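Residue numbers (my numbering): 131 to 367. Virtual Cβ for every residue (Gly too), placed ideally from N, Cα, C. Keep in mind it's a predicted model, so treat the numbers as computed, not measured.
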Amino acid sequence: MYTLLINAMEAAGWEVKELKVPVQFLSLDKQLTLDSDGRCVKINLSQHTYIVDLVEQFDLSLAANPRTTTPVAKCTAMDDPGQPLDSNRQYISLVGALLYLATCTRPDIAFAVSYLSRFSAAPPVPLWTAAQRVLLYLRSHSHLGLTYTHSPEYSVFVFSDSSYAKDTIYRQSQTGFAVLAYGSLVNWMSKRQPTVAVTTNAEYQALAQAAREVQWLKKLRSDLGLPCSTVTIQGDK
Numbered sequence: 131m132y133t134l135l136i137n138a139m140e141a142a143g144w145e146v147k148e149l150k151v152p153v154q155f156l157s158l159d160k161q162l163t164l165d166s167d168g169r170c171v172k173i174n175l176s177q178h179t180y181i182v183d184l185v186e187q188f189d190l191s192l193a194a195n196p197r198t199t200t201p202v203a204k205c206t207a208m209d210d211p212g213q214p215l216d217s218n219r220q221y222i223s224l225v226g227a228l229l230y231l232a233t234c235t236r237p238d239i240a241f242a243v244s245y246l247s248r249f250s251a252a253p254p255v256p257l258w259t260a261a262q263r264v265l266l267y268l269r270s271h272s273h274l275g276l277t278y279t280h281s282p283e284y285s286v287f288v289f290s291d292s293s294y295a296k297d298t299i300y301r302q303s304q305t306g307f308a309v310l311a312y313g314s315l316v317n318w319m320s321k322r323q324p325t326v327a328v329t330t331n332a333e334y335q336a337l338a339q340a341a342r343e344v345q346w347l348k349k350l351r352s353d354l355g356l357p358c359s360t361v362t363i364q365g366d367k
C-alpha cells in the first residue's frame, strides 16, 4: 500500500522524498521491525530522548539514582506535610511533564503521578523530593516503553483492581485498570475514587470504570468498521 501511494504521488507530479523508516515523532522514539515485504510487524515506543531532556532541564544529571526500582516510595500520611515550597511553578512543571509521560508510554508511573498531582496548589518540600525521585527512576529506566505487534486475532483483556482506603486523610480508594488488545497495552489508568467506599464497593467502582473504557473502545472499533470480540474483564476480590 505504501509503495502504491508513493507511485501514485509521483505519477501525479508530486515531488516525493523518501525518508525511510521514521525513528522519532514529536517526543516518541520509535523502533520499527519490518518483514521481508517491508510491512511493519512490530513497533517499540519509548520516550528516552524526552526523559534525558527533562533530567537536564531539572538539573538532575549528576544526582544519584534511587536505591529501589519503584517510581515512588510508600506514601505516608500528609497530616504533617512539612515546609511548603516558596513557589509551586517548578513542581507543576515537573508533575505536568511526568503526567505526559504517564499518559503516552509509561504506565508504570501512573500511580505516582496521580498522587503527586493532588498537591499542585501548595506542594510541600517532601513531595518535591518525591517528584524528583520519579524522574530519577525514569532516568534509570529511560528505554522502557510499549511494544505493539501484528496479530491476526483480535481479543481484549481487562485487568481491574483497587487499593482500599489507601488515602489516609480522606479514606478514598485508588482505581487502577489496564486494557490489552492483541496482547499489547492500549489503555490504562490509576485514579483516586471520588467517594469513600467499603471494601467490596471499591472493587465495583474500579470494575465499572474499566467497563466504561471498554464500551468506548468497542464503539471506536465499530465506527472504524472493525469487528468487536468478546471482552474479558478480570477483577480482584
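* What runs of the alpha helix (DSSP H), each 4 residues or longer, lie entirely inside the region 239-281? -> Counting whole runs of 4 or more residues, the region 239-281 contains the alpha helix (DSSP H) stretches 240-246 and 255-270.
* Asked: Where does residue 365 sit, in a helix, a strand or coil, going by DSSP?
  -> Correct three-state label for residue 365: strand.
* To do: Could you give the DSSP three-state label for residue 185: helix, strand or coil?
  => Residue state, collapsed to three classes: helix.
* **Closest by C-alpha distance to residue 173, when choosing among 189, 158, 342 and 303** => Ranking the options by Cα distance to residue 173, first place goes to 158.
* How about residue 275 and residue 164: do their beta carbons lie closer than 8 Å? -> With contacts defined as CB atoms closer than 8 Å, residue 275 and residue 164 fail to qualify as a contacting pair.
* Should residue 219 be labelled buried (16 or more other beta-carbon atoms within 10 Å of its own) or exposed? -> Exposed, by the Cβ-count rule.
* Asked: Which partner residues does residue 318 have in the DSSP bridge list?
  -> Checking the DSSP bridge columns, you'll see residue 318 partnered with 308.
* Asked: What do you get for residue 346, buried or exposed, if any count of 16 or more other CB atoms within 10 angstroms of its CB means buried?
  -> With fewer than 16 other Cβ atoms within 10 Å, it is exposed.
* Could you give the C-beta distance for residue 290 and residue 337, rounded to a whole number, given that I count them as a contact under 8 Å? -> Contact between residue 290 and residue 337 holds, since their C-beta atoms are separated by about 5 Å, short of 8 Å.
* If you run the structure through DSSP and keep just helix, strand and coil, what is residue 158? -> Three-state result, residue 158: strand.
* **Chain-order list of residues whose beta-carbon lies under 8 Å from that of residue 247 (same chain, five-residue window excluded)** => Answer for residue 247: 225 and 229, listed in chain order.
* Compute the Euclidean distance between the alpha carbons of residue 262 and residue 202, then round it to the nearest angstrom. => In a straight line, the C-alpha of residue 262 is about 10 Å away from that of residue 202.
* **Residue range of the alpha helix (DSSP H) that includes residue 223** => Judged by DSSP secondary structure, residue 223 falls within the alpha helix (DSSP H) whose first and last residues are 219-234.
* Ordered along the chain, which non-local residues of its own chain (more than five positions away) have a Cβ less than 7 Å from that of residue 146? -> Counting only Cβ-Cβ distances below 7 Å, and skipping sequence neighbours, we find 136, 139 and 140.
* Can you tell me which of the three DSSP states residue 172 falls into? => For residue 172, the three-state secondary structure derived from DSSP is strand.
* Can you tell me which of the three DSSP states residue 163 falls into? => Correct three-state label for residue 163: strand.
* Asked: Per DSSP, residue 288 is paired with what?
  -> 309 and 363, per the DSSP bridge assignment.
* **Under the three-state DSSP convention, the category residue 209 falls into** => In this prediction, residue 209 scores a pLDDT of 49, lower than 50, which makes its location untrustworthy; the coordinate-derived value is nonetheless stated afterwards. Per DSSP, reduced to three states, the secondary structure at residue 209 is coil, with no helix or strand assignment.
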